[in-house]
Structures are given as structure tokens and as C-alpha cells.
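Okay, structure first, notes after.
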Amino acid sequence: MNPRYRLARGIRLRCEAGAEPLLLVPEGIVTLNVSAAAILETLGEGKSVDEVVAALHERFDDSEASLAGDVRETLEDFAAAGFVER
Amino acid sequence: MNASAAAVPAPRSLLCELTYRCNLQCPYCYNPLDLGRSSDELSEAAWLRVIDEAIGLGIVQIGFSGGEPTLRRRELVAMTERATAGGAYTNLITQGTFLDDALLDQLLAAGLAHVQISIQAPERELAATIAGTDVHERKVEVIERVRSRDVALTLNCVLHRLNHDSLPAILAFAEEHGIRRLELANVQFYGWALRNRSALMPTREQVEHGAVLVAAAQDRLRGKMDVTYVLPDYFEELPKPCMHGWGNVAMTVTPAGTVVPCQGAVAITGLDFPNVGTTTLREAWYASAAFNRFRGNAWMPEPCRSCDRREEDFGGCRCQAFLLTGDAAATDPACAKSPDHGIVVAYRDASSVEERWAPRRPQPALP
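For the protein sequence lines, the chains are X and B, in the order given. Numbering-wise, the numbering used here puts 23 at position 20 of the first sequence, and it's gapless, one number per residue. Numbering-wise, the numbering used here puts 145 at position 77 of the second sequence, and it's gapless, one number per residue.
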């Protein structure tokens, strides 16, 4: 119904000032855009799409409606790749 | 001839081969025939300096391999800790027999992110035949131990003629043990595997049937298990984009501290590879003649030089070119356009010949 998403085991987000954000995965490096990094950064121990949207809305002041579609799509893409689990 | 320093990208990944020692004797090992002496292995202090220098160069992926890296458990833990502190992702590539609870606890506390465990076959007897020792049950215990912990786990099985027909059983084994990532890589012919090539070469039927089986499994297991199947070079018509280019992304440090663009490159004679005992990783990467030798495409012969795929596959594998033709600057014979492609065709077509193999083991010491 309303699944909670979090980074899968052994998947690490690396966000450092002055460097492009990276998702570090088994023997691989995924370069993230700023919005994907922001979404993954909010996940912590597990968040629903609504919770991620609320957190991003507070941070970026985008409309919640425009955020929700992006967030769901991004999380599903990462889930399909095995980097995020529900 | 050499790429200009300004054009050289920073390295992103480092493979540390902690030792060539191993308690298994798999005939498909890519380690060199000359396994060297353990007394020549880098010290813990030297390895930690390698890690520090790697972090300083911008490396974010670090692998620990061998031989069997857990034979140097203290160094392995210390290096994992240092790499993690530097923000790097750490991968342990192991056959698993020494990964007990105590070591796993230490490694996870040090920040280890990913463990890749290899099996020789899903059946105990065949696994023992290939490994030269009966450790399959121990590995199964280790797989169960690791899958319950907070770390990524990949199961790996190198495929060759002796175990290729076990592919359905490998898939079943992986499912039974809740594996999320399964890597089925056909043997590539370097080191001991090259020595044992005629015994290990899969048949065309095995390779093609394997591809069909894996495609079906990928469909069936989508979302549950990620299955990768790597074809053997000798059965491809295009070469692999080896290491994404020589000295382009990755480097390896061997047990005795030699810095090479990939673990197979130690076989290439005539290139004076740097050693961490006398140089820094930075000098090795940016300034050594060996790393600059095959950068860019000015070194390429025809048909690579005018090939529209030269920026995609970089002429293939330098080590394979050397091992098959004696010239590391030749087009990889795996490529159908190579004038030497007949070499791989002859070997793959001879793959049904029965032959014994030489178990990997240290060579007798020279007098």
C-alpha cells in the first residue's frame, strides 16, 4: 500500500561538498543528479514516498504534487536496480 | 605517443591483492604461475600507505582480493577501516573458508560494505574436485552467516567445462540461500587458467545453452535476484572493453607491491611496472611509462586505429593480446577483425578434447 523505502544492504550514499554525489554499490559507482541524491539522503531507516516528499518540500519549497511523481519514479528505478529496498 | 598528463583522468578504483596464497587449488585461477614468496608480501604499514594514497587520488572503490585475502586478516581489517574512514566503498573478494564470526564482526565494525563469495560448484563432490580440497560445507555455512548480516553479498561461480552443466543447480543453490546478486562468469584465460585452457574451455553448446538458461532465470527472478552472465572472450566477436581502458579508471597493487593497470598485466613482459616500495601511487598513475603506454589511441595498430569502436572497447585486452600474440600492442585476438582471430577460433573449436589440468599450487623453489 504505502511501502517504506531505504537503501539496500551495503549500498552507500556519498555526498561531499564540491564533488558530485555518488551512490557506491558492489564494485560499482553510480553518479547521481542533485535531486536523486536529495531523495536518497532523506531515506534513513525507511521512509514512504509521502514522507520523502514532505522532507523535500521543507528543504526545496517545490510543490508537493510535482515532487511526488519524481520521488516515486526515482525510488522505483533504484529499487529495480537493487539499490533501494521496500 | 603518450597521453598528456592533463588528459589523464583520476583513478576511481583500486584492487589490493593482499597475498597470492590460497588454501584452494582451482585450475581456473587468474593468478600468475609464479606465485612468488610470502616473505615478499607488503607489510601492514605499506598497505595502509597504499590506502591513504588511493584516497588522496580520489579513489572511491577499493577491493581486497588475492589469493585469499582473509589469510591476512589483521591487515584486511586495518585496511578496511582506513578505506572506510576515507569515504571509500570496500569489497572483499573471497572464497570464504576463513570468514568466521569473529572476522566478520571485525570487518563489519571496520565498515566493510560488500562481500563476494565464490563457490566452485553447487555439488560438494565436484566442488572438491575443482578446488582440490573439500570445503564446500564450510562455504555454505559462511554464505548463511554473511547473508544474515548488514552487508551486500554476491555469490560468484566461475564457469568452465567442468562445471558448466551444473548451471541449473547453481541457480537453485543461489535461490535456496536467498542470494540477491549472482555472478556467473565464464573463465577468462590468464595465469593458471591459461595454463589449463584446454581442460577448462567450455564447449559452444555449454556456452549457448548457458545463455538461454540464464536469460530465463533473469526473467523469472526479476526483482528477487540479479543474475549476470559473462561470456568467455573466446566466444565473442567483439573484444571486452577491458578495464574501461588501460590506466583509465582502475589500478591494482599486487602482493609484492607492483602497481599495474589490472591484475592480469603482471604477465606482460617488457613494461617496467612501478612498485609502491619506490614510488607513490600518484607517480605510478600519472607519470609511469607503463601506465601511459596504452592510454589514448595513438598506440593503436590497425584495424583498431580506424575502427569506429575504438573509444568503446579500447582495442580490447592488452594482456590477452600479449598472451596470445606476444605483442601487448596488438589488437585483442578476441575481436573478429583482428588478424590473429584465428588463434581463439582454433582454441574454442578444440574445446571438446578431454585433458587433465594442473592444480594451482606454488612452484617448487628455484635453486
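Backbone N, C-alpha and C define an ideal beta-carbon position, used for all residues, glycine too.
Query                                                                                                                         : Result
B/Asn254 classed as buried or exposed, judged by whether at least 16 other C-beta atoms fall within 10 angstroms              : buried
Residue environment, B/Pro307, which counts as buried when at least 16 other CB atoms sit within 10 Å                         : buried
Closer than 8 Å to chain B by CB, X/Arg62                                                                                     : no
Segment contact, 8 Å Cβ cut-off, at least three pairs: the stretch 237–251 of chain B with the stretch 76–93 of chain B       : no
C-alpha gap between X/Thr34 and X/Asp80, whole angstroms                                                                      : 14 Å
Stretch pair the stretch 378–385 of chain B + the stretch 152–168 of chain B: three plus CB contacts closer than 8 Å          : no
Rounded straight-line distance, which links the Cα of B/Val219 to that of B/Leu175                                            : 10 Å
Within-8 Å CB hit, B/Asp294 to chain X                                                                                        : yes
Residues from the stretch 23–40 of chain X in contact with chain B, defined by Cβ distance under 8 Å                          : Leu25, Leu27, Val28, Pro29, Glu30, Gly31 and Ile32
Cβ-based burial, B/Lys292 [other Cβ within 10 Å; buried from 16]                                                              : exposed
Option nearest B/Ala113 by Cα separation, candidates B/Leu391, B/Gln188, B/Met147 and B/Glu304                                : B/Met147
Beta-carbon proximity of X/Leu59 to X/Tyr8, cut-off 8 Å                                                                       : no
Identity of the residue in B/Gly315, B/Leu103 and B/Arg80 nearest B/Pro323 by Cα                                              : B/Leu103
Inter-stretch contact (C-beta, 8 Å, three-pair minimum) for the stretch 355–368 of chain B and the stretch 313–327 of chain B : yes
Cβ contact (3+ pairs, closer than 8 Å) linking the stretch 339–348 of chain B and the stretch 281–299 of chain B              : no
Bounding residues of the alpha helix (DSSP H) (the contiguous stretch that carries B/Phe341)                                  : That residue, B/Phe341, is in no alpha helix (DSSP H); it is neither H nor E in DSSP.
Closer than 8 Å to chain X by CB, B/Asn159                                                                                    : yes
Residue-level contact to chain X via CB, B/Asn222, 8 Å cutoff                                                                 : The amino acid at residue 222 of chain B is misidentified as Asn; the sequence shows Thr. Output row for B/Thr222: interface = yes.
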